[in-house]
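Chemist:
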Amino acid sequence: MFYQILIGLFTTTCGSNFYELYEENFVNDNFVDSEGWNVNNVIQSVGQCNGIKLFGGYQVFGKNTIITKLISPPPHYAIMITLEFWKIDNWDNEQFYIYVDQNLIFSQIYGESNTNSNLCGDNSNEEVQQISITKNHNYKTLFILMKSNLQGMIDEWWGIRNFKLYYYPCPPGCQTCTSEDQAIDCLIWIVQYQSLLDVLYSQFQMDGWMILEGIQTKTSCSILPLLGGFSKTGKKSKIIKSIILPVHCFVKIKFSFVFIDKWENEYAQLYIDDQLIWFYSHKSVAEEITICGGSFGEKILNQEIILPHKQQFLQMQFTTTLKNLPSQQSFGIRDIQIFINRPFGFPFDFTCEGICGNGEIDRSEQCDDGNMQPFDGCFNCQYSCVEGCSNCIKEICYECQEGWTFDEFTCTEDFFINNQNQYDNELQQQCLDNCKLCIYDVCNECDIGYYLINNQCKTICGDGIIAGDEMCELEQQECLNCQLNCTKNCDVCIKGECHQCIIGYTFDYIEQYCQPICGNGVVSNDEECDDFNKENGDGCSSQCKIEQNYICKNYQYSFSECSYEKYPSFQLSLISTYHEYQYVSIYFDQIVKTISQTAFSTMIRMRLIGPNEIFYDLHLIPIQEPFELVSAAEYLVKIVINTTLSQPPILEVILEDQLFNYHDAPLANQINQIKLNLPQYLNDEQKQNAIYLQKVAKYTMISMGGSVILILIICGQLLIQEILEILQQQSYLRFINVIFPLNLFVYFESSNLISMQPILDIVKIDQVLTQFMNDQYLESQGKLLYYEVNADILTNIQTQVFLIIVLLITYSSNYLVIKLLRKLNNQQMFYFGPKFAKLIMKTLKSLYKQNKNFESQVLQDFLNTNSWDLLFMSFLQIQSISNNIVSKLIAYFILYIILFISSKMFTRISYPFIRNQKQLWISKSNQIKLLKKVLFISILVMLQQNQKLQIMLLTLVSSFYLIYLFIIKPFKNTLDFINTMVLEITSFIFCSSSALYWNVFKDKLNYNIQIQFAWFQIGMLLSCLFVNLVLQLCILCVEMKKNIVKRFYEQNPQQNQQPIKTNPFLNP
């Protein structure tokens, strides 16, 4: 029964899901204070929201609020933190953070919430989130910190409640453990010494530690008690203590080292018995949280070291390589724990594994002469014979090998009996050694493999013949200078045979090479890690390779420690495609850094899979290069493909160097591919045709404008509204968020002619208006972003402001001229004759009429003429991300005025001439047209992110308006009928047919077919312009004929005058 219980105890592991509640705070509404939490940068700590009590809350926790707590749970291998987080009022995509031991374990962005209700504060909605975090942790204390990055607005607050800390306990009896430990693994570690563990500063004692070259005191970093600390221990400071330990073989040392203020890659060091055991290089980051000291953040490093140790006294010495004053760089320590390895059965059969080569004979060693050299009597800490000895007992030789002479328990090589015989033999060898033909003591020919060089027979290494002292030839493996060379990692090599591998390797007699010993806890040169086992899934694989999403720390005197760390990776994203140009973003899912001094952009290689290299260009644009400190690195790839393809090309990006995240985890991938869109390419003939049609459209627009002026002069009719309606509606079709074929894109460049910007540049109105309005650039979305449309209404409205100023000046001038002419008496008016007086009266009558029309219809005419632009700039401003309240108010005011005028269509008009329902709808034609523009522009701007819905709704609006025109026929005259119907029919066909350019059809519809269909659309748009121009020319012809007939009758009054017909195009 005892053994069954013992086996069950030993097989208990830490990997179970069992956890225990250790501490809870703010669980109900009975708490009245912070319950042991430290709160910074606020006056009070308890608030409410909707009657629910919170730690923090509305107008309590806001900008710069930091809450911390230091907790010491029982022995554990992991912790779990749960809490209820309250985001209060309007957060502008700001974050909430949770840190454990200054390591970020939780962060989330919060913005305006549309799903929750308003519980407290202003009109914004609150958000309540249940947070649960589990983290591996097996150190004595944990330091919890929570904060946000709020910017200090009066409508940004937060709080928590229901905080609970759970811990995953070690197996029963274990005083330290990891998540992979079984009871048999952790019961052998017995805590023998611990110090500096208290969580309260008042109870924190120095426990006999000595501080040299520093101030002998304790400090507090936030609520974290430290030995040493800010301005107390720094340059040349040493923290020392000697500890007495019982009999042991290994020690495990756990401690917390706190880096304070600005460290510049200096080292923290731990010496054990005057031997450097541990060191760590640290570089401070300004973005880290400052809890004490200056402006640079502090880092808490928890460390665990296992090393062989058998001495009774163990001296610990913490020091650094800091170079500046303690007020600029300092450190502190706490949570010191020393465990000793006590195997089962201790002390009755206690033995320590010997360390061969240390000069001390342990129980498992026969000898130890302080080296690993063979043939000196002791090899591998076992007795061995000296060179030439064939029989020895405990280093003493009793018999020699053949060719060796035994003399007083030693073996020496045989020599010739006397010097004379030796001399004679040497004389004989001068001619005979390796000489095939010798004449008069002179060698004339050497043996095979030897060559006569300076009257001597010598071998030549590399001639392919093994002779003399040569053991091998160069073409053979493991041959160096014709001598056998042992395999790599061999420590003792004799005549090409490896007798002993270096530490961490064992000799494979079958393959005849030194192979690393994976799982022995010693990291060899051919291993990436060695965690003392051969299990997969723990960070170090069975082949001693670091597994993905793990980082391993290798120690000189201990096995590797691996921890889970999500590897960063680089991603490719196709940002935009415009004709032959495509843009791909290279970004990383974590902030990364480089260890190289060269620009990382030089390490990026790119190619396209599909087209030939001569048909494309790739250009890398660095947005943010990675540095030695972590940052959000990003690149942009500009791709130009100058050919048509049947299959989408693939962009392949290769990173020839590594990048690392904050915890030095490398990139998980260095090669990535992304599928591009089919390029939109026009050949030279198609480009010329597109440019030709663009010029035709421009010249047609100019002709339309000229004909309007002639009609105004000849007929007295102003047709500017009809012309602008056509040009403006066609120009806004280019903003439909689909990728048009390149020929249609080129045609739409003719719309740039419809602009008053050249006039504004001449009068420099922008320089005047910028003194009263802040000019800025607001980014638009979708197709509008490609055209670089500025969403700022204060910039866009300059044209309308200029027109209003011109109208006001015109009205004022007319008023002044009228007032001046009315002061003239009859004598003054007829001073220059009756014709001059008639001209004055005609001018006065015309000015009266203009001012009367200005007072009665100027607002209506101004809105009708500028409604497209006013609506467009209003919706742009409303849809943009801008905090300018003035701009928002102006945009909503303009939209409100237009909607108010449009809403008149719903009010019944009781004019006498309206006798039926059809006449009622005819009378509201202007309001209906205005409503149609509101719907068209709102869909065009607000649905830039949904091309399918955008085109379907635009087509629906156009179809409803066409139905209205067909049924009601609200036309002023024949000209209005033809112009309106042609414009609306072409607009309807264009919107509906643009569905062929949806992204879903890119792979299914050949690009050449899209180009051919675009020619049809261009023809439709041009036909609309041609029809209007032809109608204007017809009007001019009719009016010129009328004037000629009128002049004829005036010159020939005797002729019978026939009534002059009115212009059929201007008749109702």
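The opening position of the sequence shown corresponds to residue -3 in my numbering, with each subsequent residue numbered one higher. We treat Cβ as the ideally placed atom computed from N, Cα and C, and that holds for glycine.
Please classify residue 830: does DSSP put it in a helix, a strand, or coil?
Modeler: On the sequence shown, position 834 is the one that residue 830 refers to. Correct three-state label for residue 830: helix.
Chemist: Excluding the 5 residues preceding and the 5 following residue 240 in the sequence, name in chain order all residues of the same chain whose CB lies nearer than 7 Å to its CB.
Modeler: Your numbering for residue 240 matches position 244 in the sequence shown. Within the same chain, residue 240 has close Cβ partners 308 and 309.
Chemist: Do you know offhand how far residue 254's Cα is from residue 121's?
Modeler: In the sequence shown, the residue the question calls residue 254 occupies position 258. In the sequence shown, the residue the question calls residue 121 occupies position 125. Computed Cα separation, rounded: 41 Å.
Chemist: Could you tell me the alpha carbon to alpha carbon distance between residue 955 and residue 962, rounded to whole angstroms?
Modeler: Position 959 of the sequence shown, counted from the first residue, corresponds to residue 955. Position 966 of the sequence shown, counted from the first residue, corresponds to residue 962. Each residue's alpha carbon lies about 11 Å from the other.
Chemist: Just the Cα atoms here: how many angstroms apart are residue 332 and residue 90?
Modeler: In the sequence shown, the residue the question calls residue 332 occupies position 336. In the sequence shown, the residue the question calls residue 90 occupies position 94. Their backbone Cα atoms lie some 38 Å apart in a straight line.
Chemist: Closest to residue 673 by CA distance: which of 637, 707, 683 and 694 is it?
Modeler: Walking along the sequence shown from the start, residue 673 turns up at place 677. Residue 673 has its Cα closest to that of 637, out of 637, 707, 683 and 694.
Chemist: Quick check: the Cα distance between residue 296 and residue 530, rounded to an integer number of angstroms?
Modeler: In the sequence shown, residue 296 corresponds to position 300, counting from 1. In the sequence shown, residue 530 corresponds to position 534, counting from 1. About 31 Å.
Chemist: Span of the beta strand (DSSP E) holding residue 577?
Modeler: Taking the first residue of the sequence shown as position 1, residue 577 is located at position 581. Residue 577 -> beta strand (DSSP E) spans 577 to 584.
Chemist: Let me know the secondary structure DSSP gives residue 991 once reduced to three states.
Modeler: Stepping through the sequence shown from its first residue, residue 991 is reached at position 995. In the structure shown, residue 991 sits in a helix (DSSP, three-state: H, G or I).
Chemist: Is DSSP giving residue 596 helix, strand or coil here?
Modeler: Stepping through the sequence shown from its first residue, residue 596 is reached at position 600. Here residue 596 sits in helix by DSSP.
Chemist: Can you tell me the Cα-Cα spacing of residue 49 and residue 24, whole angstroms?
Modeler: As a first step, residue 49 must be located in the sequence shown, where it is residue number 53. As a first step, residue 24 must be located in the sequence shown, where it is residue number 28. The straight-line gap from Cα to Cα measures roughly 8 Å.
Chemist: For a test of the three-state rule: what should DSSP assign to residue 40, helix, strand or coil?
Modeler: Your numbering for residue 40 matches position 44 in the sequence shown. Note: residue 40 maps to coil in three-state DSSP.
Chemist: Apart from the five residues on each side of it in sequence, which residues of its chain come closer than 8 Å, Cβ to Cβ, to residue 127?
Modeler: Numbered from its first residue, the sequence shown carries residue 127 at position 131. 77, 78, 79, 80, 81, 94 and 102, listed in sequence order.
Chemist: Nearest-angstrom Cα distance between residue 407 and residue 457?
Modeler: Stepping through the sequence shown from its first residue, residue 407 is reached at position 411. Stepping through the sequence shown from its first residue, residue 457 is reached at position 461. Their backbone Cα atoms lie some 33 Å apart in a straight line.
Chemist: Residue range of the alpha helix (DSSP H) that residue 727 falls in?
Modeler: Residue mapping note: residue 727 aligns to position 731 of the sequence shown, counting from 1. 716 to 728 is the extent of the alpha helix (DSSP H) around residue 727.
Chemist: Can you grab the Cα-Cα spacing for the pair residue 16 / residue 138, in whole Å?
Modeler: For the purposes of this step, residue 16 is taken as residue 20 along the sequence shown, with counting starting at 1. For the purposes of this step, residue 138 is taken as residue 142 along the sequence shown, with counting starting at 1. Straight-line Cα distance between these residues: approximately 16 Å.
Chemist: Please identify the residue among 293, 692, 276 and 1014 whose C-alpha is closest to the C-alpha of residue 284.
Modeler: Working through the sequence shown from its first residue, we reach residue 284 at position 288. Selected option, being the one with the closest Cα: 293.
Chemist: By how many angstroms is the C-alpha of residue 518 removed from the C-alpha of residue 317?
Modeler: Taking the first residue of the sequence shown as 1, we reach residue 317 at position 321. Taking the first residue of the sequence shown as 1, we reach residue 518 at position 522. Taking the straight line from one Cα to the other gives about 28 Å.
Chemist: Check whether the stretch 170 to 189 touches the stretch 25 to 45, taking contact to mean three or more Cβ pairs, one atom from each stretch, closer than 8 Å.
Modeler: Short answer: they don't touch.
Chemist: For the 8 Å Cβ check, are there 3 or more pairs between the stretch 555 to 571 and the stretch 645 to 661?
Modeler: Result yes; three or more Cβ-Cβ pairs closer than 8 Å.
Chemist: Quick check on the DSSP output: the alpha helix (DSSP H) that includes residue 181 runs from which residue to which?
Modeler: By one-based count along the sequence shown, residue 181 stands at place 185. First-last of the alpha helix (DSSP H) with residue 181: 179 to 182.
Chemist: Can you tell me whether residue 79 is helix, strand or coil according to DSSP?
Modeler: As a first step, residue 79 must be located in the sequence shown, where it is residue number 83. Correct three-state label for residue 79: strand.
Chemist: Let's test the definition: count the other Cβ atoms within 10 Å of the Cβ of residue 657 and tell me whether it reaches 16, buried, or not, exposed.
Modeler: Reading the sequence shown from its first residue, position 661 is the one you call residue 657. That one is buried.
Chemist: In angstroms with no decimal places, state the Cα-to-Cα distance between residue 779 and residue 689.
Modeler: For this step, residue 779 is matched to residue 783 along the sequence shown. For this step, residue 689 is matched to residue 693 along the sequence shown. Cα-Cα distance, rounded: 23 Å.
Chemist: Touching or not, the stretch 153 to 162 and the stretch 51 to 61, by the rule of three or more beta carbon pairs under 8 Å?
Modeler: Touching, yes, given that three or more Cβ pairs across the two stretches are closer than 8 Å.
Chemist: Near residue 415, what residues of its chain come up, given a Cβ to Cβ distance below 6 Å and the 5 sequence neighbours on each side ignored?
Modeler: In the sequence shown, the residue the question calls residue 415 occupies position 419. Note that residue 415 scores a pLDDT of 45, beneath 50, so its modelled location is shaky; the value from the coordinates is reported in the next line. Correct list: empty, nothing qualifies.
Chemist: The beta strand (DSSP E) spanning residue 298 covers which residue range?
Modeler: Numbered from its first residue, the sequence shown carries residue 298 at position 302. From DSSP, the beta strand (DSSP E) with residue 298 extends over 295 to 304.
Chemist: Taking residue 924 as the reference, give the member of 951, 949 and 965 with the closest Cα.
Modeler: Residue 924 sits at position 928 when you count from the first residue of the sequence shown. Here the closest residue by C-alpha is 965.
Chemist: Looking at C-alpha atoms only, which residue of 236, 251 and 320 is the closest neighbour of residue 262?
Modeler: Your numbering for residue 262 matches position 266 in the sequence shown. Of 236, 251 and 320, the residue nearest in Cα terms is 320.
Chemist: Any contact between the stretch 265 to 274 and the stretch 216 to 226? By contact I mean 3 or more CB pairs, one from each, below 8 Å.
Modeler: Touching, no.
Chemist: Under three-state DSSP, which class holds residue 238?
Modeler: The count along the sequence shown starts at 1 and reaches residue 238 at position 242. Strand, per DSSP.
Chemist: For residue 866, which residues of its own chain have a beta-carbon under 6 Å away from its beta-carbon, when the five flanking residues on both sides are left out?
Modeler: The residue given as residue 866 occupies position 870 in the sequence shown. So the list reads 890, once near-sequence residues are dropped.
Chemist: For a quick check, are the C-beta atoms of residue 998 and residue 957 less than 8 Å apart?
Modeler: Counting from 1 along the sequence shown, the entry for residue 998 is found at position 1002. Counting from 1 along the sequence shown, the entry for residue 957 is found at position 961. No, Cβ-Cβ distance for residue 998 and residue 957 is not below 8 Å.
Chemist: Measuring CB atoms only, is the stretch 732 to 743 touching the stretch 783 to 791, in the sense that at least three cross pairs come out at less than 8 Å?
Modeler: Short answer: they don't touch.
Chemist: Thinking just about the alpha-carbon of each residue, which of 229, 698, 830 and 513 is nearest to the one in residue 205?
Modeler: Residue 205 sits at position 209 when you count from the first residue of the sequence shown. For the residues 229, 698, 830 and 513, the minimum Cα distance to residue 205 belongs to 229.
Chemist: If you draw a straight line from the alpha carbon of residue 967 to that of residue 922, how long is it in whole angstroms?
Modeler: The residue given as residue 967 occupies position 971 in the sequence shown. The residue given as residue 922 occupies position 926 in the sequence shown. Each residue's alpha carbon lies about 11 Å from the other.
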